[in-house]
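Numbering (our numbering), first residue to last: 28 to 97.
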């Protein structure tokens, strides 16, 4: 996908995506727009709970988490 197409999907400028791609700082609101535009989500959890969250997302018993559609 071209950067200008991804920017249009995300409702941000091509400059914002270029900055993100090159490891330069962007604001959190722009990052969330980019993630949403690309169909991605960012999870934030306390460090002490990371192992439990990872197990819930990637169970070792062969079951997979059910997708959420919210």
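Every residue, glycine too, gets a C-beta built ideally from N, C-alpha and C.
Own chain, CB closer than 8 Å to residue i, minus 5 neighbours either side, in chain order
i: residue 65; result: 33, 36, 37
Pairwise C-alpha distance: residue j and residue i
i: residue 82; j: residue 63; result: 24 Å
i: residue 67; j: residue 44; result: 15 Å
i: residue 85; j: residue 73; result: 18 Å
i: residue 50; j: residue 39; result: 16 Å
C-beta contact flag for residue i and residue j at 9 Å
i: residue 70; j: residue 80; result: yes
i: residue 31; j: residue 41; result: yes
i: residue 58; j: residue 47; result: yes
Local conformation of residue i per DSSP, three classes
i: residue 60; result: helix
i: residue 109; result: Outside the displayed range of the chain (28 to 97) lies residue 109, so it cannot be described from this structure.
The alpha helix (DSSP H) enclosing residue i, as first and last residue numbers
i: residue 46; result: 41-48
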